[in-house]
DNA sequence: GCACATAGTATTTTT
DNA sequence: TACTATGTGC
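Residue numbers (this note's numbering): 14 to 738.
What follows is the structure, encoded as structure tokens:
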């Protein structure tokens, strides 16, 4: 006793220690960026176990990503050793899946349900629309899915939805929603939202289940509480209702998932939900330099709806933030690559400490191409995920129909892949025959001789039946990893992948091998686990989960994925109106504020070096022009250093001499009037250059003046004085 | 029923 | 720009 406390005490400041050692009752930790909030959560769990005699069985910690869960587990292991194994640390979704499987007999779902990822769910939804004679082209299934998701997030079922549907589109959704739920049920499948929705339903309907879980999880910790949606809120508050030992950590300034139903109100009203709750503020930042923190605070202070916090840092002042203005996306990428090379050369920065962030995945392309050309090793987090690749999903579909023969989406996926001569006509016949016998198509394959089909299709169907039988035997006789390997071969997926062009098929083949290796590794770590557990884990996997942070490469990812991470050097690219803030959020103040928080999250990822870049023109669809992001004007001038990047020039980092690149600009006599510069006009006062055209006598300068708005000026005559800093 | 070509369309973030 | 869906020709 006391050992752990002695050990951790010197590592914590007063507020952190206060949070860590508050054992009982509701606790709200309002934590700023870089204040060590996940660490506090971890230490608190360890404290409960080591100092308060709480059994690890009685603690539940919920996070949003597997990565966060794993990190917490690893850290705890070093504090309390093997005891972590008995503590439940999971994501919301995997926790829900676990509860639903455990109480499968009470949900009408059984234990062997399949979880549909977004792609599967949309495919099923589209099917429902076709069934109902609703043209999927007139109303995009993805949009319908969004509406259904947001209904489920609010615990609104098909009936309630129908009752309140007002708009034209709501009414269409109301028609599809019940059918979609029915078909999910028929397929013994759940979508992501269902995991939470049905768990809350279960806890509401079965008080005995609720009570037993309340008694089990006497201590509950929730990370990133600002990102919880209504169902997640209900889930944790129901679980905590009895003992009220709930500790939530969050930062309203980092709420960036509002579009997905996250309700910032949850954290704002926590004190009302749990009266007598203790509030601890963690306002000391341990991550960033003063300069970076100052810039971040200034940006986010432009938001109206927030719990105001004053972040402070005892760290060094640090270098100025570099603002790189570039011509287009290619030169932006070039400037990023130049700066990366400089960081590596002059600062001896490891590549693993450098991240390039962007708003949309599409932006990674240009950067990727440039890094490739410059031989700068990189890795991309996100984009097309491994488990979303076609050959992988095809292989998994074979595994899924064996584990859950009712899974109609997986069946449709593989019924004619590889090609067996089973087209739309045959598929319809199979489904009709199955329905008439009250079987799923896979079950039908095991009992039917195919006599309801024409000869060619019959052969194909019998072939498929043969595959199914072999897979069932293989599953019975082989350990999971060998079974997966066998399945890839038996199904014909491997052979199919080998056809087609050589480079493509080589990489597909590698992917299949990687899948086998992944199962193998999973089996080693979970020797008793069945293949179904693996299937569940990978559908609930996220991009960041698979990110190897120790690899000596530069990391590329979206701003969203970067939340919770930190890097010595960060580039935030594409700081343009329409991109950050994104065009889809321009018309609502609320959405703009969320974009601003996204920018804030990006800035606060950086420890020492921050680079902001934007392109004066960017190829998006057809055209071209872009204006610099309004958020740049919210950065305090003295935290910035402006650099106008030119193609193929080299770009100074902070500690190199202050010389601007001059190779390409020497002919430009107005180069001091670069985009982004602050200027003062004798009549109109201070303003900022937002665009310019030309580099000769007729150069036009576009200035946004602080008091009089936007003006276009001829550089030759405009008496602009550059405010230098 | 299949494969290929062409046209049209959709482009934010993701558990 | 890139992918998908549809249509056409076999």
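Glycine included, each C-beta is placed from N, C-alpha and C at the ideal position.
Computed from a predicted structure; not experimentally measured.
Query	Result
Please name the residue in 252, 408, 236, 244 whose C-alpha comes closest to that of residue 222.	252
Using 10 angstroms around the beta-carbon of residue 24, count the other beta-carbons present and answer buried if the total reaches 16, otherwise exposed.	exposed
For residue 165, which of helix, strand or coil comes out of DSSP?	helix
Compare the C-alpha of residue 562 against each of 507, 642, 141, 84 and name the closest.	84
Does the segment 127 to 144 touch the segment 417 to 435, meaning 3 or more C-beta pairs lie closer than 8 Å?	yes
Going by C-alpha to C-alpha distance, which of 531, 328, 582, 592 sits closest to residue 354?	582
Would you check if there are 3 or more beta carbon pairs closer than 8 Å linking the segment 243 to 250 to the segment 584 to 591?	no
Looking only at its own chain, which residues have a Cβ that is under 6 Å from the Cβ of residue 271, when we skip the five neighbours before and after it?	607
Helix, strand or coil: how does DSSP classify residue 171 here?	helix
Do the segment 636 to 655 and the segment 301 to 310 make contact, defined as three or more Cβ pairs closer than 8 Å?	yes
Between which two residues does the alpha helix (DSSP H) containing residue 423 stretch?	421 to 427
I'd like the ranges of any alpha helix (DSSP H) spanning at least 4 consecutive residues and lying wholly in the segment 263 to 340.	278 to 281, 283 to 286, 303 to 313
According to DSSP, simplified to helix, strand and coil, what is residue 671?	Confidence at residue 671 is low in this model, with a pLDDT of 29, below 50, so the placement of that residue should be treated as unreliable; the coordinate-derived value is given next. Three-state result, residue 671: coil.
In its own chain, which residues sit with a C-beta less than 6 Å from the C-beta of residue 174, not counting the 5 before and 5 after it?	164, 187, 190
Taking the straight line between their C-alpha atoms, what separation do you get for residue 415 and residue 334?	55 Å
Going by DSSP, what residue range makes up the alpha helix (DSSP H) through residue 89?	79 to 93
In or out: residue 99 buried (at least 16 other Cβ within 10 Å) or exposed?	exposed
Of the residues 236, 35, 74, 56, which one's Cα is nearest the Cα of residue 576?	236
Kindly indicate the opening and closing residues of the alpha helix (DSSP H) around residue 217.	205 to 218
Rounded to whole angstroms, what is the Cα-Cα separation between residue 357 and residue 560?	21 Å
As a quick exercise: from 568, 80, 623, pick the residue whose alpha carbon is nearest that of residue 390.	568
Can you grab the Cα-Cα spacing for the pair residue 663 / residue 534, in whole Å?	Note that residue 663 scores a pLDDT of 36, beneath 50, so its modelled location is shaky and nothing firm can be said.
According to the neighbour-count rule (16 or more other Cβ atoms, all chains shown, within 10 Å of its Cβ), is residue 66 buried or exposed?	exposed
Can you check DSSP and say which residues form a bridge with residue 641?	589
Going straight from the alpha carbon of residue 195 to that of residue 202, what length do you get?	10 Å
Closest to residue 604 by CA distance: which of 268, 553, 509 is it?	268
Tell me which residues share the same chain as residue 529 and place their Cβ nearer than 8 Å to its Cβ, disregarding the 5 neighbours each side in the sequence.	494, 497, 498, 501
Do residue 687 and residue 639 have their beta-carbon atoms positioned less than 8 Å apart in this structure?	no
With a 10 Å radius around its C-beta and 16 neighbouring C-beta atoms as the bar for buried, classify residue 692 as buried or exposed.	buried
Under 7 Å Cβ to Cβ from residue 6, same chain only, skipping five residues before and after it: list those, please.	There is no way to answer for residue 6, as the model of the chain reaches only from 14 to 738.
Look at the Cβ atom of residue 619, then the Cβ atom of residue 580, and state whether they are nearer than 8 Å.	yes
Short check: CB of residue 113 to CB of residue 220, under 8 Å?	no
Could you tell me which of 432, 461, 430 sits nearest to residue 444, measuring between CA atoms?	461
Taking the beta carbon of residue 675 as the centre, do at least 16 other beta carbons fall within 10 Å, making it buried, or is it exposed?	In this prediction, residue 675 scores a pLDDT of 27, lower than 50, which makes its location untrustworthy; no coordinate-derived value is stated.
Is the segment 363 to 382 touching the segment 456 to 475, taking contact as three or more C-beta pairs under 8 Å?	no
Looking only at its own chain, which residues have a Cβ that is under 6 Å from the Cβ of residue 426, when we skip the five neighbours before and after it?	410
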